[in-house]
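See structure below.
There are 2 protein chains.
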Amino acid sequence: MTLPRGDKARTGEEAFLKRYRPEDYSRPSVTVDLVVLTIVDAVLRVLLVRRREHPFKDAWALPGGFVRVGDAQRDQGEDLDAAAVRELAEETGLEPGQVFLEQLYTFGKANRDPRMRVITVAYYALVRPDLAPLVRAGGDAADVDWFDVGSLGKADLAFDHGEVIARALERIRGKLDYSDLAFSLVPHTFTIPELRSVHQVVTGIPQDAGNFRRRFNRMLADGLLVKAPGKRITASKPATVYRFVRKGEEP
Amino acid sequence: MTLPRGDKARTGEEAFLKRYRPEDYSRPSVTVDLVVLTIVDAVLRVLLVRRREHPFKDAWALPGGFVRVGDAQRDQGEDLDAAAVRELAEETGLEPGQVFLEQLYTFGKANRDPRMRVITVAYYALVRPDLAPLVRAGGDAADVDWFDVGSLGKADLAFDHGEVIARALERIRGKLDYSDLAFSLVPHTFTIPELRSVHQVVTGIPQDAGNFRRRFNRMLADGLLVKAPGKRITASKPATVYRFVRKGEEP
DNA sequence: TAAATAGTGTCTATGAGACATTATGTA
DNA sequence: TACATAATGTCTCATAGACACTATTTA
Chain A
17 MTLPRGDKAR TGEEAFLKRY RPEDYSRPSV TVDLVVLTIV DAVLRVLLVR RREHPFKDAW
77 ALPGGFVRVG DAQRDQGEDL DAAAVRELAE ETGLEPGQVF LEQLYTFGKA NRDPRMRVIT
137 VAYYALVRPD LAPLVRAGGD AADVDWFDVG SLGKADLAFD HGEVIARALE RIRGKLDYSD
197 LAFSLVPHTF TIPELRSVHQ VVTGIPQDAG NFRRRFNRML ADGLLVKAPG KRITASKPAT
257 VYRFVRKGEE P
Chain B
17 MTLPRGDKAR TGEEAFLKRY RPEDYSRPSV TVDLVVLTIV DAVLRVLLVR RREHPFKDAW
77 ALPGGFVRVG DAQRDQGEDL DAAAVRELAE ETGLEPGQVF LEQLYTFGKA NRDPRMRVIT
137 VAYYALVRPD LAPLVRAGGD AADVDWFDVG SLGKADLAFD HGEVIARALE RIRGKLDYSD
197 LAFSLVPHTF TIPELRSVHQ VVTGIPQDAG NFRRRFNRML ADGLLVKAPG KRITASKPAT
257 VYRFVRKGEE P
């Protein structure tokens, strides 16, 4: 079963493209919205910004904005992922590499924005707790803040952003056990109890200290973790500090 | 920490909406593309259609089309999911309820379509093998066909559709073990060896017959499966026929 | 009765969960 | 030294993987 790519058939494609009129089709607006999460004081928090304009003026909303699509065949604008990275930088000052960023889901019900048809591609980002305090410095403190996801009612948020957050939580809860996500929610160096706390805060399920440590030790044996210098200030025995080693990386 | 939804602040929202001009922002085209999968003759197959127009004229591509977005605030068009359902019906004649359909991922690199900026929201659908033969009847037989996913080179396909298919495969392989997906790839009634074959065809990993049966028997004990009437035509001992019971459903 | 496949049983290794116990650093 | 928490160890149970063996239906 061969698939003729049809190189011959492409004759005339250039001419076709010149004739093509994008205006012949009506088009929606497309935005990127970000669910930026962190853990501070053992609470899972999401970054929200207060809207300055209608609709939902003065309500809290996810940071986000329009995808730049250019205005010609020669300039088609920015990649979707690039738009997410740009919005993240604009709204938080965080660079990719500092945070985990992944596409989440695309929300496209009609009338989710009363102005016009808007389809939003949601991304979620995980921010280490030591970087979280830097975020507010970027914007006006009154207009951007971290909120406890546990005490957010869906009705509190603009648009369908409550749904978006709910889906982000579902995603990270599902991936936490079999992925590296948890390492994006602790400082660059961390202790086993700290990592255990991340699991408890995200899932809400208490983790047995001993059993958690056992799983952790397997990662250590696999070389995914190495001991790191430094110790925590504590009123009792301080825990050993570790550092995560990405696959293929050398310690 | 309370979130003032700002009902007072919404005063003036109506007036604002009237003044709003969507044309002030440039907008991309948005399409829905479908990765329609089935298993026939122990081969995982994807439905492709031959393009009649430039670009990629005569190349094979995923079925899909533009999302209807309406042209006014009062008519914002169809939901994204509805667009997927509509395209599925148009291109295959299949109705929701007959197939499993789920959003996959949104592809939005610049220049993925040479005509203009197009962002596509990909969905994937799983079709039972007994329904698969009906699909071609809908379209022109020369222009729509099922292709073995194992012998598709990415370069054979229009746009970035090779990538889209690859991601769909990744998704179903990841979900097969801990979800009900497999039941969407067998007929309404099925045998244990048939179900085992689905796993082998999708993952490419051989499954021990005895161990597979053991897991299956747990589902039986949990009431997720019931025996069904009928038997297969076979040259040796015919297997017991079962039927899947969705959660909450009565057998 | 032979061939082929359905279906059962067994042994071992591994990991999860519950929980008791020991070790160690700080105030 | 007392306290708090880190760290280790042990028991049981559920499940996965490998594989031998039995049962049943058809040609």
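Order-wise, the sequence lines are chains A and B. Counting the first sequence from 1 gives a position; this note's numbering is that position plus 16. Counting the second sequence from 1 gives a position; this note's numbering is that position plus 16. Every residue gets a Cβ at the ideal spot worked out from N, C-alpha and C, and that includes glycine.
How far does the beta strand (DSSP E) with residue 56 of chain B in it extend, from its first residue to its last? 45–56
Meets three-Cβ-pair contact criterion under 8 Å: the region 43–51 of chain A and the region 125–137 of chain A: yes
Residue 243 of chain B - containing beta strand (DSSP E), residue span: 241–243
Are at least three pairs of beta-carbons, each pair with one atom in the region 190–206 of chain A and one in the region 70–82 of chain A, less than 8 Å apart? no
I'd like to know if residue 254 of chain B contacts chain A, where contact means its C-beta is closer than 7 Å to some C-beta of that chain. no
Check residue 191 of chain B in the structure and name its three-state DSSP category. helix
With 16 other CB atoms within 10 Å as the buried threshold, where does residue 265 of chain A fall? exposed
Start-end ranges of the alpha helix (DSSP H) lying completely within the region 97–182 of chain A, minimum 4 residues: 148–154
Do residue 257 of chain A and residue 246 of chain A have their C-beta atoms within less than 7 Å of each other? yes
Measuring only between beta-carbons, confirm whether residue 195 of chain B sits less than 7 Å from chain A. no
Partner residues on chain A for residue 62 of chain B, Cβ-Cβ distance less than 8 Å: The premise fails here: residue 62 of chain B is roughly 12 Å from chain A at the closest Cβ pair, so nothing lies under 8 Å.
Would you check if the distance between the CB atom of residue 55 of chain A and the CB atom of residue 145 of chain A is smaller than 7 Å? yes
Where residue 242 of chain A falls, given that 16 or more other Cβ within 10 Å makes a residue buried: exposed
Residues of chain B with CB closer than 7 Å to the CB of residue 55 of chain A, please, in chain order. Within 7 Å Cβ-Cβ: nothing; residue 55 of chain A doesn't reach chain B, min ~16 Å.
Check whether the Cβ of residue 47 of chain B lies closer than 7 Å to any Cβ atom in chain A. no
What does residue 122 of chain A reach in chain B if we use C-beta pairs closer than 7 Å? 96, 119, 122 and 137
Please confirm whether residue 263 of chain A and residue 95 of chain B have their CB atoms less than 7 Å apart. no
Just the C-alpha distance for residue 140 of chain B and residue 86 of chain B, rounded to the nearest angstrom, thanks. 25 Å
Closer than 7 Å to chain A by CB, residue 182 of chain B: no
Classify residue 16 of chain A as helix, strand or coil using the three-state DSSP reduction. The shown model of chain A, from 17 to 267, leaves out residue 16 of chain A, and the question about it has no answer.
Short Cβ contact (7 Å threshold) for residue 116 of chain A with residue 142 of chain A: yes
Under the DSSP definition of a beta bridge, which residues are partnered with residue 61 of chain B? B:54 and B:164
At which residues does the beta strand (DSSP E) containing residue 202 of chain A begin and terminate? Residue 202 of chain A -> no beta strand (DSSP E), and no H or E assigned at all.
Name the DSSP bridge partner or partners of residue 259 of chain A? A:205 and A:242
Exposure of residue 221 of chain A, with buried meaning 16 or more beta-carbon neighbours within 10 Å: exposed
Buried versus exposed call for residue 167 of chain B [16 or more other C-beta atoms within 10 Å across all chains shown]: exposed
Quick test of your reading: residue 175 of chain A and residue 260 of chain A, contact by CB under 8 Å. State the CB separation rounded to the nearest angstrom. That belief does not hold up - the Cβ atoms of residue 175 of chain A and residue 260 of chain A are roughly 35 Å apart, past 8 Å.
Would residue 126 of chain B count as contacting chain A if we go by Cβ distances under 7 Å? yes
Under the three-state reduction of DSSP, which class applies to residue 66 of chain A: helix, strand or coil? strand
Contacts of residue 86 of chain A in chain B (Cβ-Cβ under 8 Å): 42, 126 and 133
Please return the same chain residues whose Cβ sits closer than 8 Å to the Cβ of residue 172 of chain A, not counting the five positions on each side in sequence. 75, 76 and 178
Neighbouring residues, chain B, relative to residue 15 of chain A (Cβ below 8 Å): Absent from the structure is residue 15 of chain A, since the part of chain A shown begins at 17 and ends at 267.
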